[in-house]
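To start, the structure itself, in structure tokens.
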Amino acid sequence: MKFVADLHIHTISSGHAYSTVMENARAAADKGLEMIGITDHGPAMPGGPHAYHFSNMKVIPKTLFGVEILQGVEANIIDRAGNLDLEDERLACLDIVLAGLHHVCSPNGSITENTEMLINAIKNPWVDVIVHPGNPEFLIDAEAVVQAAAKYDVAVELNNSSLKVSRKGSSPYCEKILCLAKQYGAKIIVGSDSHFAPAIGDFSQAIELLKKCEISPSTVLNTSIAGIRSHLQRRTNRRGRYR
Ligand SMILES: [Zn+2]
Ligand SMILES: [Zn+2]
């Protein structure tokens, strides 16, 4: 499987990541990627950027070192209603919105409560990707979440970092989610979740799991720029009231 993009990347603005936009773009170019998403954590993350960070991303060139740069966020789901830590007006102006549960920002609850929280975020029209849903820290009804992702056309992420350095014990949950995504026709996206530039485009653990689950490249969003553009087209379609 050949990947053309990595759309889950952090910079020093996240407060606990160690590379700049320039360093990340350079690393992506060196790895032959065509597109990256700069997706720092939302403002609710301790040490994370102020909301202004996201409105001012327009100063970043659309292309650096030949790599297309998407302006994005990894928004925090901050309550059981699935609300995010960035207002719709700001989400609307970005190129890509990832959303996920993080233990410092999201209320952990029962399987039913966590499932409802994640599905409520999936229903947010500005959310394009649900990140690391296989995190064993937040137990969910994976079948219900994947069905909702398919219904609302939100991609489910296979997070390489979850299989390598963070969120220990994710692998069996990720495997289950991949199988369900295949079954229900939900889109999959692979993200490095890089917090230091050399990790960009490192999908090695994810590739093993994709092989094991016999996932076809055609269902993995970041194997095709056209596929990514078509997934993100809905943003342009919905933006009317904000731009
Ligand atoms: Zn995350
Ligand atoms: Zn991340």
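Quick note on numbering: numbering that gives the first Met the number 0 labels position 188 of the sequence shown as 187, and the sequence is numbered without any gaps.
Every residue, glycine too, gets a C-beta built ideally from N, C-alpha and C.
Kindly examine ligand 1 and report whether one of its heavy atoms sits closer than 7 Å to the Cβ of residue i.
{"i": "Val126", "result": "no"}
{"i": "Glu22", "result": "no"}
{"i": "Val245", "result": "Beyond the ends of the chain as shown, which are 0 and 242, falls residue 245; an answer cannot be given."}
{"i": "Gly99", "result": "yes"}
Who pairs with residue i in a beta bridge, going by DSSP?
{"i": "Leu157", "result": "Val189"}
{"i": "Thr38", "result": "Gly71"}
{"i": "Asp5", "result": "Ile35"}
{"i": "Ala98", "result": "Ala74 and Ile129"}
{"i": "Thr62", "result": "Glu67"}
{"i": "Leu83", "result": "Ile76"}
{"i": "Val219", "result": "Ile187"}
Should residue i go down as buried or exposed, given a rule of 16 or more other Cβ atoms within 10 Å for buried?
{"i": "Phe64", "result": "exposed"}
{"i": "Ala14", "result": "Checking the sequence shown, residue 14 turns out to be Gly, not Ala. Gly14 comes out exposed."}
{"i": "Gly168", "result": "exposed"}
{"i": "Val66", "result": "buried"}
{"i": "Arg238", "result": "exposed"}
{"i": "Arg89", "result": "buried"}
{"i": "Gly81", "result": "buried"}
{"i": "Pro48", "result": "buried"}
{"i": "Ser203", "result": "exposed"}
Less than 6 Å between C-beta atoms, sequence neighbours within five positions excluded: which residues of the same chain meet that for residue i?
{"i": "Thr62", "result": "none"}
{"i": "Pro124", "result": "Arg237"}
{"i": "His194", "result": "His9 and Ala16"}
{"i": "Asn119", "result": "Ala80 and Gly81"}
Suppose the cutoff is 8 Å on Cβ atoms and the five residues either side in sequence are ignored; what does the same chain contact list for residue i look like?
{"i": "Val155", "result": "Val128, Ile129, Pro132, Val144, Val145, Ala148, Ile176, Ala180, Ala185, Lys186, Ile187 and Ile188"}
{"i": "Asp251", "result": "Residue 251 is absent from the model: the chain starts at 0 and stops at 242."}
Between residue i and the rest of its own chain, which residues show a CB-CB distance below 7 Å, the 5 nearest in sequence each way excluded?
{"i": "Ala196", "result": "Ser18, Glu22, Asn23 and Ala26"}
{"i": "Asp78", "result": "Pro106"}
{"i": "Ser223", "result": "Val3"}
{"i": "Pro216", "result": "Met0 and Thr222"}
{"i": "Phe53", "result": "Val72, Leu85, Arg89 and Leu93"}
Distance cut 5 Å, beta-carbon to ligand 2 heavy atom: residue list by chain order: Answer in sequence order: Glu73 and Asp192.
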